[in-house]
Amino acid sequence: TSTTYTVDVQDASGCQASATKTVIVRTPLVVNSAGTTICQGDIAELTATSTGGNSNNPITYSWMIIDSLTGTLSPTGVINPVNPLIVGPLVTTDYIVYVEDGCSVADTIGVTVIVNDTAIGQLVPVRDTCQGFVQNFALTTDIGVTFGWDFDSDGVIDQTTSSTTTQYIYPSAGTYDVTVTITTAQGCISTITEIGWVTVNPNPIADFTTDPNPPVVTLINPTFDFIDQSFDASFWNWSFGDQTNDITQNPTHTYQDTGYYTVQLIVTNVFGCTDTTQQVVRVRPDFFFAIPNTITPDGDGLNDVFFPGALVGATGKNYDFFIFNRWGELIFEGHDLTDGWDGTYKGKLVQNGVYVWKIEVTDFEGTVHPYIGHVNIIK
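Counted the way the working numbering counts, the sequence shown spans residues 17 to 395.
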């Protein structure tokens, strides 16, 4: 507020005079500021404001650091009189700001910049792995609570975990940098990157073929040659599906019984990486058919009946045996494996000549085998 004072005076002679003076009373100069919280390695902006004082004079702000041990101003703590003040303390630090206008009584206020620690972390070394296999990761840390894993350092977080261990599968061979972003409970972030941390070795490619191919044989000769066609293979492990194995590159195997067998090949390269493939091979029951081309139905008991002389592997089901004369007339039929033609038609021997026969026989796997041929009748 402002107050005007007037003084009137009179001397002994009766002469008078007066004087007027205005007294201005200003409000006190008051400084205001607030502290803040940052993470270690970040910066803070401290701003001071003031009220009162002589508005006609420039305001000067001076910042100082308070010694954390003694509570006094640090001997080197006078900071250039700037406002706002940019600071980046590594630990929690107290500051004091002085405000002056060259007239009023200076004012001060203390503020604190709280510095939260960032986490320290270290990746546990890993072994080389193979593409497509699980790679285990582990991290040691002091105060981290969440972890962002970038397994190939492409700038994209692949996983976020609350655990210091995790797993990842690399689909392709190569050498990879690994970056982990660690966040504390206070939201402070630190990052560690390990260059060339993971080596992912290529897998071999397992492949093979068989001889014969398609892979089907009978018990007459139940043997397969297995021919390796793998890529980048150094070691081979064969399992033939009958509880036998082989470690040569191109084995030969003979089966002892009929059936379907799953043959598995596991190949390994020089890095210890593996690949597996398998095929089914088949061993069919023996089937053999043979029949003569001439009979002599003269009653001497030798070669008097016409029928298959050798028939192995037939079931007897759906068995058909037909004889036709030269005009296509059916003169004999049988439906049992023991049926044979004695050279007669309607109870009489047929004439010498050539006759057509047709046989259909079914094996134990249900396959129908049709045969057609000629038989000579000589009496």
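Note that beta-carbon positions come from the ideal geometry of N, C-alpha and C, so glycine has one too. The structure displayed is predicted, hence computed values, not measured ones.
According to the neighbour-count rule (16 or more other Cβ atoms, all chains shown, within 10 Å of its Cβ), is Trp79 buried or exposed?
Buried, since its Cβ has 16 or more Cβ neighbours within 10 Å.
Given Leu327, which residues of its chain have a CB within under 6 Å of its CB, disregarding the five upstream and five downstream residues?
Phe305
Comparing C-alpha positions only, which one of Val142, Tyr371, Trp165, Asn266 sits nearest to Glu345?
Nearest to Glu345 by C-alpha distance, out of Val142, Tyr371, Trp165, Asn266, is Tyr371.
I'd like to know whether the C-beta atoms of Ile102 and Val113 end up nearer to each other than 7 Å.
Going by C-beta atoms, Ile102 is not nearer than 7 Å to Val113.
Sorted by chain position, which residues of the same chain lie with C-beta nearer than 8 Å to Asp166's C-beta, five sequence neighbours on each side aside?
Val172, Ile173, Asp174, Val194, Thr195, Val196, Thr197
Excluding the five sequence neighbours on either side, which residues of its own chain have a C-beta within less than 6 Å of the C-beta of Thr92, listed in chain order?
Summary for Thr92: the model assigns pLDDT 43, below 50, so the residue's position carries little reliability; its value from the coordinates is reported in the next sentence. Counting only residues of its own chain and dropping the five nearest sequence neighbours on each side, Thr92 has no CB closer than 6 Å to any other CB.
Check whether the stretch 361–369 and the stretch 270–286 are in contact - that is, three or more C-beta pairs closer than 8 Å.
no
Considering Glu349, what are the terminal residues of the beta strand (DSSP E) in which it resides?
346–350
Within a Cβ cutoff of 7 Å, which residues of the same chain sit near Thr383, ignoring the five residues on either side of it in sequence?
none
Would you check if there are 3 or more beta carbon pairs closer than 8 Å linking the stretch 57–72 to the stretch 28–47?
yes
Do you know how far the Cα of Thr63 is from the Cα of Asp396?
The question about residue 396 has no answer, for the chain in this structure spans 17 to 395.
Express the C-alpha separation of Asp117 and Thr20 in angstroms, rounding to a whole number.
24 Å
Comparing alpha-carbon positions, which option in Gly57, Cys119, Val25 lies nearest Ser71?
Cys119
Specify, as a first and last residue, the run of the beta strand (DSSP E) that Thr19 falls within.
18–26
Sort out for me which residues DSSP pairs Thr176 with in a bridge.
Gly164
Using 8 Å as the threshold, is the stretch 312–323 in touch with the stretch 284–298, meaning 3 or more CB pairs across them?
No, because fewer than three Cβ pairs between the stretch 312–323 and the stretch 284–298 fall closer than 8 Å, the two stretches do not touch.
Quick one: give me the first and last residue of the beta strand (DSSP E) that Thr79 is part of.
Looking at the sequence shown, residue 79 is not Thr but Trp. Per DSSP, Trp79 belongs to the beta strand (DSSP E) from 76–82.
DSSP three-state call for Arg298: helix, strand or coil?
strand
Just verifying my parser: in three-state terms, what is the DSSP assignment at Glu381?
coil
Bridge partners of Asp336, per DSSP?
Under DSSP, Asp336 takes part in a beta bridge, and its partners are Glu376.
Kindly provide the ranges of any beta strand (DSSP E) runs that are 3 or more residues long and lie completely inside the stretch 93–127, ordered along the chain.
101–103, 109–116
Which residues bound the beta strand (DSSP E) around Cys55?
Where Cys55 is concerned, the enclosing beta strand (DSSP E) starts and stops at 52–55.
Report yes or no: do three or more beta-carbon pairs, one from the stretch 288–304 and one from the stretch 331–345, lie closer than 8 Å?
no
Distance, Cα to Cα, Thr215 vs Ser246?
23 Å
Which residue marks the beginning of the beta strand (DSSP E) containing Ala326, and which one marks its end?
326–328
Could you check how far apart the C-beta atoms of Phe380 and Gly329 are, in whole angstroms? I think they sit under 8 Å.
6 Å
Which of the three DSSP states, helix, strand or coil, is assigned to Pro386?
strand
Consult DSSP for Gly288 and reduce its assignment to one of helix, strand or coil.
coil
In the DSSP output, which residue or residues are listed as bridge partners for Gly275?
Val299
Decide if Ile375 is buried, meaning its Cβ has at least 16 other Cβ atoms within 10 Å, or exposed.
buried
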